[in-house]
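There are 2 protein chains.
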Amino acid sequence: MGLFFVMMVPLANAGDDLPPPSHGIQYPLGWQDWAVLAVSHRTDNQTLRVILGNDTAIRAARSGRINPWPDGTILGKVVWKKRPLKDWSEAMVPGELVHAEFMLKDSGKYRQTYGWGWARWLGLQQKPFNDGPQVCISCHEPVKERDWVFTDPATFPKRP
Amino acid sequence: MGLFFVMMVPLANAGDDLPPPSHGIQYPLGWQDWAVLAVSHRTDNQTLRVILGNDTAIRAARSGRINPWPDGTILGKVVWKKRPLKDWSEAMVPGELVHAEFMLKDSGKYRQTYGWGWARWLGLQQKPFNDGPQVCISCHEPVKERDWVFTDPATFPKRP
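Chains as they are written, first to last, in the working numbering: chain A, 181 to 340; chain B, 181 to 340.
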């Protein structure tokens with residue numbers, strides 16, 4: 181009885197606070213530290229965005245191998261409502277966090293959704309979005325010839 | 181003679197392609213992979229920006245210790261001319277790279293310039309800007325009570 185009780189106590193670890201999956205996809209760990217692919221300002225819905233990539237994505241972007249993006253790529257898009265900066269009102273800067281959304285490339289596993297897993301977590305609580313990947317896919321339809329990706333990686337100076 | 185000759189041949193290394201210093205400040209290595217503090221769209225000069233931080237800066241931002249920013253902080257701002265995205269014309273995205281500029285905090289070393297070293301490298305060639313830090317400082321005057329920093333770190337979900 182004592183042993184059984186001990187076995188039921190989970191050990192605390194990094195995964196304990198993980199938001200639940202979105203469309204069956206596990207929450208990507210550590211994306212807050214990923215490098216930048218691009219930024220954008222959507223003037224139609226008043227949001228600012230940064231587009232991040234995992235190591236595979238960054239290597240692919242820097243070597244121009246992005247149509248198709250390689251398996252293992254994860255693209256992350258962080259979206260904020262825009263607001264003017266208090267001390268420079270012509271500058272639009274991030275306000276409230278809207279969501280963080282991800283495209284995960286695996287041409288086998290995600291064959292039925294055009295080679296990508298589509299996931300989104302809402303707000304600071306990172307509540308999983310589970311209305312179905314078709315919501316994401318239909319918006320990305322205009323860029324299906326670009327491997328379904330809107331982002332043009334921004335031009336960066338090469339690392340010396 | 182043979183030995184002397186060998187000693188004069190420098191070994192190739194990462195520093196060989198380093199852009200020359202700006203205001204006496206060495207080019208920060210690896211900033212292209214730094215994590216994101218914020219983004220901005222300056223509607224007065226039609227540029228998009230991403231604001232990056234080295235590890236010290238990111239730790240300070242995430243724990244709210246940014247007035248003053250700690251010694252060792254480096255803030256990087258990458259600036260692009262904006263252009264509309266071809267496949268979503270209401271989205272403004274990075275066009276031509278304008279420059280990458282940096283603030284390096286060292287309250288002793290840079291005491292005469294308000295605790296910050298001010299550096300900038302222009303264009304893809306990363307040509308050093310050497311017109312004097314006063315050019316930078318005068319623009320940052322409106323935020324002298326915020327340790328001379330315009331950027332409000334954007335709100336990110338905590339890492340699980």
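Ideal Cβ placement from N, Cα and C applies to all residues, glycine included.
Cutoff 8 Å: residue i Cβ touching any chain B Cβ
{"i": "PRO322(A)", "result": "yes"}
{"i": "ARG239(A)", "result": "no"}
{"i": "ASP267(A)", "result": "yes"}
{"i": "VAL143(A)", "result": "Outside the shown range of chain A (181 to 340) lies residue 143(A), about which nothing can therefore be said."}
{"i": "TRP249(A)", "result": "no"}
{"i": "ILE254(A)", "result": "no"}
Neighbour-count burial assignment, residue i, 16 or more Cβ in a 10 Å radius
{"i": "SER318(A)", "result": "exposed"}
{"i": "SER202(B)", "result": "buried"}
{"i": "LYS338(B)", "result": "exposed"}
{"i": "ASP349(A)", "result": "Examination of residue 349(A) is not possible in this model, given that chain A is present from 181 through 340 alone."}
{"i": "LYS324(B)", "result": "exposed"}
{"i": "ASP311(B)", "result": "exposed"}
{"i": "GLU270(B)", "result": "exposed"}
{"i": "LYS289(B)", "result": "exposed"}
{"i": "ASP332(A)", "result": "buried"}
{"i": "LEU217(B)", "result": "buried"}
{"i": "THR227(B)", "result": "buried"}
{"i": "SER220(B)", "result": "buried"}
{"i": "GLU276(B)", "result": "exposed"}
{"i": "GLN314(B)", "result": "exposed"}
{"i": "GLN306(A)", "result": "buried"}
{"i": "GLU321(B)", "result": "exposed"}
{"i": "PRO340(B)", "result": "exposed"}
{"i": "THR253(B)", "result": "buried"}
{"i": "ASP274(A)", "result": "The question names Asp, but residue 274(A) in the sequence shown is Pro. Per the 10 Å Cβ criterion, buried."}
{"i": "LYS245(A)", "result": "Looking at the sequence itself, residue 245(A) is Arg, so the reference to Lys does not match. By the 10 Å Cβ count, ARG245(A) comes out exposed."}
{"i": "LYS210(A)", "result": "Position check: residue 210(A) holds Gly in this sequence, whereas Lys was assumed. It counts as exposed."}
Cutoff 8 Å: residue i Cβ touching any chain A Cβ
{"i": "ASP327(B)", "result": "no"}
{"i": "PHE330(B)", "result": "yes"}
{"i": "VAL230(B)", "result": "yes"}
{"i": "LEU277(B)", "result": "yes"}
{"i": "VAL315(B)", "result": "no"}
{"i": "TRP298(B)", "result": "no"}
{"i": "ALA192(B)", "result": "Note on ALA192(B): pLDDT 49, under 50, position unreliable in the model; the coordinate value appears next. So, not an interface residue."}
Contacts of residue i in chain A (Cβ-Cβ under 7 Å)
{"i": "MET156(B)", "result": "No information on residue 156(B) is available, as it lies outside the stretch 181 to 340 that chain B covers here."}
{"i": "ARG339(B)", "result": "GLY210 and GLN212"}
Amino acids of chain B, ordered along the chain, whose beta-carbon sits closer than 9 Å to that of residue i
{"i": "ARG245(A)", "result": "Chain B residues near ARG245(A): none, gap ~17 Å exceeds 9 Å."}
{"i": "TYR294(A)", "result": "Within 9 Å Cβ-Cβ: nothing; TYR294(A) doesn't reach chain B, min ~16 Å."}
Chain-ordered neighbours of residue i on chain E, where CB pairs are closer than 9 Å
{"i": "PRO199(A)", "result": "Reference to chain E is not applicable here, since the protein chains of this structure are A and B."}
Where residue i meets chain B, residues with beta-carbon distance less than 7 Å
{"i": "GLN306(A)", "result": "PRO337"}
Neighbour list for residue i in chain A, Cβ cutoff strictly below 9 Å
{"i": "ALA280(B)", "result": "PHE336 and PRO337"}
Contact set between residue i and chain B, taken where Cβ atoms lie within less than 8 Å
{"i": "TYR207(A)", "result": "PRO340"}
Those runs of the beta strand (DSSP E) which lie wholly inside the stretch 227-293 of chain A and span at least 3 residues: 227-233, 254-265 and 268-285
Entirely enclosed alpha helix (DSSP H) segments - the stretch 200-231 of chain A, minimum 4 residues: none
Whole runs of the beta strand (DSSP E) within the stretch 289-338 of chain B, excluding any shorter than 3 residues: 296-302
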